[in-house]
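All residue numbers in the sequence shown are consecutive under the UniProt record's numbering, ending with 375. Beta carbons: idealized from backbone N, C-alpha and C, even for Gly. A quick write-up on the structure given underneath.
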Amino acid sequence: MKTRAAVLREMGAQRPYKTSQPLKIEELELDAPGHGEILVRVRAAGLCHSDLSVIDGNRPRPLPMALGHEAAGEVMEVGDGVTDLEIGDHVVFSFVPSCGTCDYCLDGRAALCAPGAAANNEGTLLGGGLRLHQNEHTVNHHLGVSGFAEYAVTSRRSAVKVNKDLPFDIAAVFGCAVLTGVGAVVHTAGLRAGQSVLVVGLGGVGLSAVLGAVAGGARQIIAADIAQDKLDMAKSLGATHVVNSRDEDAVEQVKAISGGGVDIAAEFAGVGPALEFAFAATGKGGKTVTAGLPHPSTRMAVSPVQLVAEERSLLGSYLGGHVPALDIPEYAALYLAGRLPVDKLLTHRLKLEDINEGFDRLADGEAIRQVILFD
């Protein structure tokens, strides 16, 4: 069958993207699902910094590639061997397919799935296949999803069935922003009720972390960013205090508010200084968690003495450290119960043709979560 998709053929395009048009809307041939795969009609897809980092070259991927990894849709066809999904089921995509049998998956660390990571790096589906073509040339898959498209074939292991009461535009953000942000604080850092939390970088993922800290019972939630409108939004979502991280005394402000440093600092800005700020703002025994993806050459200086003598820890969090098949439905249930209002993160709804303008807004920090809606 044919599908329209946003295809990247060259990284590092000049901005504004509205002019340079790094993503071209192209008609591609899409193969039928193979063994263990499904065909999904994509209904909504979110724009994320992980997509932007491929466009600007910070996270090189094999090209050409159909981008998009945060998406939701409806199952249209199931391949051989798929017995637990039916036509008409609603699914959210997970950008790390979980094979279920490698050592990491068996240890409950699906985000580190070895075959899944290898497939993502190679631009294939979990089983190694490529289902997108144009004029007999293959087009690579983005993180096993390629969700900026009308239809997608993906591994069954890249999709999680969700409640049909969940609107597609809301469902899409559960696959990345919600899992990553909420998970970094609640799962990776192990938030306990009554602890203090600092969230640095208030995009869609960071504000999801604010919502997670509220739902997890943090007594104090300090939100930090350089943009006043994002600080205001964090306050509206439940942050108890806000700090402009450009202030020369920003670290001292956090320490004064928290009484010596926070228990948990979570960084999502994806730049070295933001992570250094987060680490500096924790107290003794504090945990610093980062889910940001800066340029691979970025380095950070940390004193081992602080790690040892003050029992502080520095943790990485990918996919929130979750098992998507378990955690996405649970977080979705929290949303439907009114306890995780992620709908408030959606600032723009757009058409596929407007995708380059959307990435301009994302790069300029003018949007929280933008979602492409498909008819």
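Which residue comes first and which comes last in the alpha helix (DSSP H) that contains residue i?
| i | result |
| --- | --- |
| M233 | 228-236 |
| K255 | 250-258 |
| E150 | That residue, E150, is in no alpha helix (DSSP H); it is neither H nor E in DSSP. |
| L340 | Segment: none, L340 is in no alpha helix (DSSP H) and carries neither H nor E. |
| E180 | It should be noted that the sequence gives Thr, not Glu, for residue 180. That run of the alpha helix (DSSP H) goes 179-183. |
In the DSSP output, what is residue i paired with across the bridge?
| i | result |
| --- | --- |
| R369 | L346 |
| D225 | N244 |
| N140 | M65 |
| A119 | BP columns for A119 are empty, so no partner. |
| E77 | L39 |
Per DSSP, what kind of secondary structure is residue i in: helix, strand or coil?
| i | result |
| --- | --- |
| R4 | strand |
| E70 | strand |
| V214 | helix |
| V200 | strand |
| D263 | strand |
| G316 | strand |
| G358 | helix |
| A114 | helix |
| Q14 | coil |
| A171 | helix |
| Q220 | strand |
| Q306 | helix |
For the beta strand (DSSP E) that contains residue i, what are its first and last residues?
| i | result |
| --- | --- |
| R41 | 37-47 |
| I25 | 23-30 |
| residue 377 | Outside the shown range of the chain (1 to 375) lies residue 377, about which nothing can therefore be said. |
| T282 | 282-290 |
| F93 | 90-93 |
| V160 | 159-162 |
| L132 | 132-134 |
What do you reckon, is the C-beta of residue i under 7 Å from a heavy atom of the ligand ZN?
| i | result |
| --- | --- |
| V173 | What this structure holds is no ligand at all, so the ligand ZN is not there to describe. |
Taking residue i as the reference, give the member of the options with the closest Cα.
| i | options | result |
| --- | --- | --- |
| A227 | V42, V200, L237 | V200 |
| L336 | F168, G272, G57 | F168 |
| E353 | F374, A333, D343 | F374 |
| A256 | D84, D232, A189, T282 | T282 |
| S181 | V145, V162, E29, G316 | The amino acid at residue 181 is misidentified as Ser; the sequence shows Gly. It is G316 whose Cα lies nearest to the Cα of G181. |
| H142 | A367, Q14, L28, L8 | L8 |
| E29 | G216, Y151, A117, K164 | Y151 |
| A193 | F359, L47, G217 | G217 |
| residue 383 | P115, Q195, D80, H295 | Residue 383 is absent from the model: the chain starts at 1 and stops at 375. |
| P115 | G147, D229, A224, S155 | S155 |
| T347 | I328, I372, A266, G338 | I372 |
| F93 | E70, D84, T3 | E70 |
| N120 | G73, V173, L63, E136 | L63 |
Within a Cβ cutoff of 6 Å, which residues of the same chain sit near residue i, ignoring the five residues on either side of it in sequence?
| i | result |
| --- | --- |
| S313 | K287 |
| A250 | V243 |
| A265 | L198, A278, A281, T282, T288 |
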